[in-house]
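Following our numbering, the numbering of the sequence shown begins with 1210 at its first residue and continues without gaps. Beta carbons: idealized from backbone N, C-alpha and C, even for Gly. Here is the structure we will look at.
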Amino acid sequence: RDQIFALNISVPLSQWLQHDDEVTRHHNVYATFSTSTDKQHNVTQNAGLSGTLLDENNLSYNIQQGYQNHGIGESGAASLEYDGAKGNANIGYNVSDNGDYQQVNYGLSGGLVAHTHGVTLSQPLGNTNILIAAPGAANVGVVDQPGIHTDARGYAVVPYATTYRQNRMALDVNAMADDVDIDDAVTRVVPTEGALVLASFKARVGARALVTLNHNGKPVPFGATVTVNDRHAEAIVDEAGEVYLSGLSAQGVLHVRWGNLPDQQCVASYHLSSSRQILSRQHAECH
């Protein structure tokens, strides 16, 4: 009867290597060690280090060093894998028998989705996938989807969706450009088997401004609604007569309403300065 004694150890090193910044705090690092021996005193040992790097943990690495007695010798391996928005890349190196055997391997993989809005490159596709559509919101990350960002037009593909269940899709609002706002950065879709499901987001591209509105020498009433150039989206005036607006052009017209009577609505013009400020502030008289 053959008997083998084996020992496997895996130690998470992340908690000892953590730093104060948010990026390195969430990196995964593991050290592993395994050893085995049989009745013939054949010993096999292997030690390794693996983990993830980059802001989204989308670069993974793995380093292994092995040893076997009775003249078999040593072996080693190292690999890197990068998961990007437009595909994945990997490279690996293996060596054994004291350098007598060496091997380098590498590969690229990805997907391409043609849809009514154009063509989008992606990571390798699954049977069921989700198309993120946020026109105008370029290079915005998808929460909990490492390496996936919208392209220059605002589109991305999330592969391997869960069928017949709600899939929560959220855009990383902290990574958006200063001139981009999204009304609702979270949506949910329920894909069927083999489907490409659309997860649509409405992005507003333009300047941001905090406008104080006055009417007849007084702040516009609290709760008044404001539309810009007759757009459907509305903003609400606060108790000080201020309203936050985004997606603005350099100049335009604000339509303000706090009732249905003629004296409960007014129109104000705005003109933003040419300086590129994250948030402009100005006063406007509503007539």
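Under the three-state reduction of DSSP, residue 1347 is assigned to coil, being neither helix nor strand. Secondary structure of residue 1471 (DSSP, three-state): helix. Between residue 1461 and residue 1421, the C-beta gap is not smaller than 7 Å, which leaves the two residues out of contact. The alpha carbon of residue 1315 has as its nearest neighbour, out of 1322, 1326, 1405 and 1303, the alpha carbon of 1303. Going by C-alpha positions, residue 1306 is about 5 Å away from residue 1282. For residue 1213, the uninterrupted beta strand (DSSP E) run begins and ends at 1213 to 1221, by DSSP. Beta-bridge analysis with DSSP links residue 1443 to no other residue. Separation of the CB atoms of residue 1293 and residue 1271 is rounded to 18 Å, and the pair is thereby denied contact status at 8 Å.
Counting C-beta pairs closer than 8 Å gives fewer than three between the segment 1427 to 1434 and the segment 1383 to 1394, which falls short of the contact rule. With 16 or more other CB atoms across the displayed protein chains lying within 10 angstroms of its CB, residue 1329 is buried.
Here the alpha carbon of residue 1324 sits roughly 26 Å from the alpha carbon of residue 1386. Taking residue 1243 as reference, the option from 1467, 1262 and 1277 with the minimal CA-CA separation is 1277. Between residue 1351 and residue 1375, the gap from beta carbon to beta carbon reaches 7 Å or more. In this structure, DSSP gives residue 1376 an extended state, which the three-state scheme calls strand. Counting only residues of its own chain and dropping the five nearest sequence neighbours on each side, residue 1298 has a CB closer than 6 Å to the CB of 1291 and 1317. In its chain, beyond the 5 residues on either side, 1430, 1433 and 1473 have a beta carbon closer than 6 Å to the beta carbon of residue 1467. Residue 1334 places its beta carbon less than 7 Å from that of residue 1320.
Assignment of residue 1370 by DSSP, reduced to helix, strand and coil, places it in the coil class.
Between residue 1418 and residue 1463, the beta carbon gap of about 10 Å keeps them out of contact (Cβ cut-off 8 Å).
The alpha carbon of residue 1300 has as its nearest neighbour, out of 1423, 1311, 1287 and 1309, the alpha carbon of 1287.
The C-alpha of residue 1416 lies about 8 Å from the C-alpha of residue 1486.
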